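Using the numbering used here, the letters of the sequence shown map in sequence onto residues 28 to 303. Think of the CB as a built atom: it goes at the ideal place given N, C-alpha and C, for glycine as much as any other residue. Since we're looking at a predicted model, the values are computed, not measured.
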Amino acid sequence: MNWIEALILGVVQGLSEFLPISSSAHLIIVQKILGIHVEGNQLEFEVLLHFASLLAVTIYFRKDLSDIVKGFFSYLLSRQNEKKVHFHFGWLLILSTGVTAVLGKLFEDVLGNNMTNTTTIGASLIVTGLFLILIEHGVKPGKRTAGQMTWRDGVIIGFGQALAVLPGISRAGSTLVTALWCGLDKQTAVRYSFLLSIPLIVGISIVEIPEMSPLFFNEYFFETTIAFIASFLFAIVGIKWLISMVNRTKLSYFAVYCIILGVIVWIFIQDVQIVI
28 MNWIEALILG VVQGLSEFLP ISSSAHLIIV QKILGIHVEG NQLEFEVLLH
78 FASLLAVTIY FRKDLSDIVK GFFSYLLSRQ NEKKVHFHFG WLLILSTGVT
128 AVLGKLFEDV LGNNMTNTTT IGASLIVTGL FLILIEHGVK PGKRTAGQMT
178 WRDGVIIGFG QALAVLPGIS RAGSTLVTAL WCGLDKQTAV RYSFLLSIPL
228 IVGISIVEIP EMSPLFFNEY FFETTIAFIA SFLFAIVGIK WLISMVNRTK
278 LSYFAVYCII LGVIVWIFIQ DVQIVI
């Protein structure tokens, strides 16, 4: 992997991480089409890109995150009613993350190597496109805010996020659909979806870090630095872009893109097993 390839993968990961188009599918497809190999260190590289996305969403939602963390622990210590909404929101994020972890592991065990089969990826991209059509033309936004969310919402949205273990199923798309289906308003659904990505990425990183080798970063320091910076900057762009598109009801563009890409992958790269 040279620095240009690292830059391309960083841009792809950054943009697609928070747009409803599936970052995992796009990384697989781009690496396959361009013949990019990360010299047997795919795990280290993906964790690096995920960390850049984590940094981006944490910085962008730093005020919300700070309010939730402070309010969560303040309520535990003081039981002040004005802090209860933050405690409630934080608890729901924990619940959704737990549901995602359990179901995501179950899906991985059941599907095995078929998860990265291009037939599965193509079908999943098409499903993502249908999710996005549902957001704009099927599932009407509700009126419930964060303070009116229940444990059932946390479980259902956690299930929606677990579907994104499949490359091709967009985490943003699936969580938005389930959040809106639960009757949340757009602002709450978008906010919950983005904040829910933080414990998920942290959890993935914690699990994978023990298997990482620091030798990869020493050998490809320049390339990994470029990829990290690109992923971080374009993740910020992706966050702003998605929020704008949801508010302007323009997700159909992404839906058409995902369906067309899914059909292309399914037809032209069918039955190819991609190992990542």
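Quick check on DSSP: helix, strand or coil for residue i?
{"i": "L278", "result": "coil"}
{"i": "I301", "result": "Its pLDDT being 40, under 50, I301 is placed unreliably by the model, and nothing is read from it."}
{"i": "L193", "result": "coil"}
{"i": "F261", "result": "helix"}
How is the alpha helix (DSSP H) around residue i delimited, first residue to last?
{"i": "V65", "result": "Careful: V65 lies outside any alpha helix (DSSP H) and carries neither H nor E."}
{"i": "L36", "result": "30–45"}
{"i": "F99", "result": "89–105"}
{"i": "A206", "result": "198–208"}
{"i": "E163", "result": "145–164"}
{"i": "R218", "result": "213–235"}
Out of the options, which has the shortest C-alpha to C-alpha gap to residue i?
{"i": "G131", "options": "L193, V39, S232", "result": "L193"}
{"i": "I236", "options": "E73, Q58, N29", "result": "E73"}
{"i": "L36", "options": "I286, A262, W178", "result": "A262"}
{"i": "S220", "options": "N29, P47, I31, K111", "result": "P47"}
{"i": "L222", "options": "G210, L203, W208, I233", "result": "L203"}
{"i": "L12", "options": "G62, T205, I95", "result": "Because the chain in this structure spans residues 28 to 303, residue 12 falls outside the shown range and cannot be described."}
{"i": "I266", "options": "T124, Y284, L42, D91", "result": "L42"}
{"i": "G181", "options": "L190, C209, G98", "result": "C209"}
{"i": "L260", "options": "V38, Q58, V129", "result": "V38"}
{"i": "P168", "options": "T145, I286, A216, I287", "result": "A216"}
Please report the distance separating the alpha-carbon of residue i from that of residue j.
{"i": "Q214", "j": "F45", "result": "16 Å"}
{"i": "M272", "j": "I196", "result": "19 Å"}
{"i": "N274", "j": "G174", "result": "21 Å"}
{"i": "H113", "j": "E246", "result": "44 Å"}
{"i": "W293", "j": "I160", "result": "20 Å"}
{"i": "F249", "j": "S105", "result": "49 Å"}
{"i": "G185", "j": "E135", "result": "16 Å"}
{"i": "D298", "j": "L227", "result": "For D298, the predicted model reports a pLDDT of 46, less than 50, meaning its position is unreliable; a value from the coordinates is still stated below. So the two alpha carbons sit approximately 30 Å from each other."}
{"i": "L207", "j": "E163", "result": "10 Å"}
{"i": "W268", "j": "V65", "result": "29 Å"}
{"i": "L133", "j": "F88", "result": "30 Å"}
{"i": "F78", "j": "L278", "result": "26 Å"}
{"i": "I301", "j": "I55", "result": "Note that I301 scores a pLDDT of 40, beneath 50, so its modelled location is shaky and nothing firm can be said."}
{"i": "L103", "j": "F295", "result": "55 Å"}
{"i": "R198", "j": "S101", "result": "31 Å"}
Quick one: measure Cβ to Cβ for residue i and residue j, integer angstroms, because I've assumed they're closer than 8 Å.
{"i": "L4", "j": "Q40", "result": "Look at the range of the chain in this structure, 28 to 303, and you will see that residue 4 is not part of it."}
{"i": "T147", "j": "Q188", "result": "Wrong, their Cβ atoms sit about 18 Å apart, outside the cutoff."}
{"i": "A33", "j": "I253", "result": "5 Å"}
{"i": "L152", "j": "A282", "result": "Contact flag wrong, Cβ pair sits at about 10 Å."}
{"i": "S49", "j": "T124", "result": "Not quite, the Cβ-Cβ distance comes to about 19 Å (not below 8 Å), so this is no contact."}
{"i": "V84", "j": "S224", "result": "6 Å"}
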